[in-house]
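Heads up: the sequence shown begins at 61 in our numbering, then just goes up one per residue. Glycine residues also receive a C-beta, built at the ideal position from the N, C-alpha and C atoms. First comes the structure, then the notes that go with it.
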Amino acid sequence: MGASELVATPRPTCYDCFRPLSLCYCDTLRPIDNRTRVVVVQHPRESFHPLNTARIAEGCLQRVQVVRAHLTELDAQLATLDLPADAALLFPSADARDIDELTADERPSCVVVLDGTWHHARTLKRDCPRLAALPRIRFTPPAPSEYRIRREPQSDYLSTVESIAHVLERLEPETSGIERLRESFRTLVDRAIAARVRAPSAGRSKRPRPRRERTPPLALGTPRARVVVVYAEAAADLEGKGNHPLLVVARRQGAPVGAHLAPVQRLLLRTPAPPHPRLLEHLAIDPDELPGAAPLEAARDSWRSLVGPEDLVVTWSLGSLTVLEAAGFAVPRSSYLKEVYCNGQARRGVTVRGGLEELVRRHGATLPNADVPMPQGRAVERLRQTEAMLHWMRSENDREPDTF
Numbered sequence: 061m062g063a064s065e066l067v068a069t070p071r072p073t074c075y076d077c078f079r080p081l082s083l084c085y086c087d088t089l090r091p092i093d094n095r096t097r098v099v100v101v102q103h104p105r106e107s108f109h110p111l112n113t114a115r116i117a118e119g120c121l122q123r124v125q126v127v128r129a130h131l132t133e134l135d136a137q138l139a140t141l142d143l144p145a146d147a148a149l150l151f152p153s154a155d156a157r158d159i160d161e162l163t164a165d166e167r168p169s170c171v172v173v174l175d176g177t178w179h180h181a182r183t184l185k186r187d188c189p190r191l192a193a194l195p196r197i198r199f200t201p202p203a204p205s206e207y208r209i210r211r212e213p214q215s216d217y218l219s220t221v222e223s224i225a226h227v228l229e230r231l232e233p234e235t236s237g238i239e240r241l242r243e244s245f246r247t248l249v250d251r252a253i254a255a256r257v258r259a260p261s262a263g264r265s266k267r268p269r270p271r272r273e274r275t276p277p278l279a280l281g282t283p284r285a286r287v288v289v290v291y292a293e294a295a296a297d298l299e300g301k302g303n304h305p306l307l308v309v310a311r312r313q314g315a316p317v318g319a320h321l322a323p324v325q326r327l328l329l330r331t332p333a334p335p336h337p338r339l340l341e342h343l344a345i346d347p348d349e350l351p352g353a354a355p356l357e358a359a360r361d362s363w364r365s366l367v368g369p370e371d372l373v374v375t376w377s378l379g380s381l382t383v384l385e386a387a388g389f390a391v392p393r394s395s396y397l398k399e400v401y402c403n404g405q406a407r408r409g410v411t412v413r414g415g416l417e418e419l420v421r422r423h424g425a426t427l428p429n430a431d432v433p434m435p436q437g438r439a440v441e442r443l444r445q446t447e448a449m450l451h452w453m454r455s456e457n458d459r460e461p462d463t464f
């Protein structure tokens with residue numbers, strides 16, 4: 061074989077959507093005369109991802125701007141955008157307002173959307189003060205994502221363009237053609253899947269690569285003495301309004317062999333209005349405790365005495381991390397165990413079904429050396445279940461590396 065035969069011929073590429081010409085979806089992009097200004101702030105790692113969906117919004121919407129810059133430059137670039145005073149950030153934090161609850165007068169004229177993985181979105185908000193300062197809105201997806209290529213961390217997560225389509229439909233229902241965003245998105249997905257099916261399954265044999273040892277996830281590789289497992293709850297008031305941090309329960313996992321774990325730390329936070337009595341009952345909170353609940357600043361001091369700069373905060377899901385963020389609790393490092401568990405199962409082709417309680421029961425997960433007096437209620441029970449799953453997953457990974 062001559063040297064010339066070894067030179068690969070590059071595939072013809074569309075430099076609008078950055079897809080191979082055979083997979084280009086630009087023919088499906090049709091203009092949408094949206095009234096609401098959309099600003100997409102893109103994480104640098106997402107810019108040239110072949111399945112990036114922000115390009116669909118950029119190709120269809122008449123009022124859209126995609127901000128692309130290095131993380132250290134993004135905040136300065138945002139300062140040049142002249143965002144209106146009523147601009148809102150689409151981000152599902154505990155203090156975000158549901159878009160369906162906004163009156164016509166409260167609907168923002170500009171929506172800022174973060175483009176990237178959930179981890180990337182949190183990084184953008186954390187590292188860009190102008191993003192963090194924006195009021196936040198959220199929504200409940202009416203149906204699961206149609207993204208059949210990239211696995212979403214949770215069933216109710218949507219791609220960037222799907223999120224934009226849903227927000228615009230709620231903010232300006234009178235605008236026609238918004239469904240075109242989803243139509244182009246479906247074409248992107250369908251053509252990518254079809255290309256995978258057409259790809260030959262057998263070619264020239266490849267030299268086997270040595271198996272690379274995976275670094276264990278933070279939740280499983282961090283020394284136990286540095287791991288603090290946390291569960292947190294937020295509460296609406298009696299009228300169902302607001303979503304305020306209410307209760308945080310936490311426990312450090314490190315303990316000498318055979319010794320009991322430390323007691324559970326419980327932080328009850330003062331809320332602007334009394335929580336619903338039924339929630340207090342579920343959380344085993346005596347209404348008489350509410351007058352003595354800690355103001356946010358005092359609760360943050362207590363939190364700082366519990367979690368140090370080198371610690372890892374482990375929760376089961378993102379919900380607890382969202383509550384901690386809303387309370388302004390400093391989280392030096394974090395890991396939500398559900399993602400680690402689901403990723404490990406997905407590598408083995410296992411579909412995860414059931415919630416935390418069901419998974420604890422299915423795997424027979426228990427937490428040894430934890431039989432110390434504990435407060436009761438839903439929050440503490442969720443904390444114990446998270447601890448049990450963490451202990452089981454660490455044991456499985458010790459027994460068979462790369463299980464998770």
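How would you label SER236, buried or exposed, when you count the other beta carbons within 10 angstroms and need 16 or more for buried? That one is exposed.
Measuring only the C-alpha atoms, how far is LEU280 from PRO152? 27 Å
Between ALA439 and the rest of its own chain, which residues show a CB-CB distance below 6 Å, the 5 nearest in sequence each way excluded? Once the five neighbours on either side are set aside, the close Cβ partners of ALA439 are TYR291, GLU293, LEU307, VAL309 and LEU343.
Run through the stretch 92 to 177 for me and flag every whole beta strand (DSSP E) of 3 or more residues, listed as ranges in chain order. Here the runs fully enclosed are 97 to 102, 124 to 128, 148 to 150 and 170 to 175.
Does any C-beta atom of chain C lie closer than 8 Å to the C-beta of ARG79? The displayed structure is made up of one protein chain only, and chain C is not part of it.
What residues in its chain sit with their C-beta under 8 Å from that of ASN457, if we drop five residues either side in the sequence? PRO276, LEU280, THR463 and PHE464
Using the three-state DSSP reduction, which class does TYR207 fall into: helix, strand or coil? coil
How is SER377 classed by DSSP in three states: helix, strand or coil? Correct three-state label for SER377: coil.
Outcome for PRO305 when other beta-carbon atoms lying within 10 angstroms are tallied against a minimum of 16: buried
Compute the Euclidean distance between the alpha carbons of VAL249 and THR426, then round it to the nearest angstrom. 42 Å
So for ARG330, helix, strand or coil by DSSP? Residue state, collapsed to three classes: coil.
Just tell me which of ARG230, ARG407 and ASP348 has its CA closest to the CA of ALA164. Nearest option by C-alpha distance: ARG230.
Would you say the stretch 75 to 87 touches the stretch 177 to 197, given that touching needs at least three Cβ pairs under 8 Å? no
Can you tell me whether GLU468 is helix, strand or coil according to DSSP? A question about residue 468 goes unanswered here, because the residues of the chain that appear run from 61 up to 464.
Beta carbon of GLU221 nearer than 8 Å to that of THR132: First, the amino acid is wrong: residue 221 is Val here, not Glu. In this structure, THR132 does not lie closer than 8 Å to VAL221 by Cβ.
Between which two residues does the beta strand (DSSP E) harbouring TYR19 extend? The displayed coordinates of the chain run from 61 to 464. Any statement about residue 19 would go beyond what the structure contains.
With distances taken between CB atoms, is the gap from GLU417 to PRO392 smaller than 8 Å? no
Given a threshold of 16 other Cβ atoms within 10 Å of its Cβ, counted over all protein chains shown, does VAL410 qualify as buried or as exposed? Exposed is the call here.
Within this structure, are the beta carbons of ALA247 and TYR401 separated by less than 8 Å? In the sequence as displayed, the identity of residue 247 is Thr instead of Ala. Not in contact: THR247 and TYR401 (Cβ atoms no closer than 8 Å).
The alpha helix (DSSP H) enclosing SER455, as first and last residue numbers: 438 to 459
Say whether the stretch 378 to 386 touches the stretch 335 to 353, bearing in mind that this needs 3 or more beta-carbon pairs closer than 8 Å, one atom from each stretch. The stretch 378 to 386 makes no contact with the stretch 335 to 353; the number of CB pairs closer than 8 Å stays below 3.
Per DSSP, what kind of secondary structure is VAL249 in: helix, strand or coil? Secondary structure of VAL249 (DSSP, three-state): helix.
Which term fits SER395, buried or exposed, when burial requires 16 or more other beta carbons within 10 angstroms of its beta carbon? buried
How many Å lie between CYS120 and LEU89 at the Cα? 6 Å
Within its chain, find whatever has a CB closer than 7 Å to the CB of TYR207; leave out the 5 residues flanking it on each side and keep chain order. SER219 and VAL249
For ALA387, I'd like the list of residues in its chain whose CB is within less than 6 Å of its CB, leaving aside the five on either flank, ordered along the chain. Excluding sequence neighbours, ALA387 sits near PRO305.
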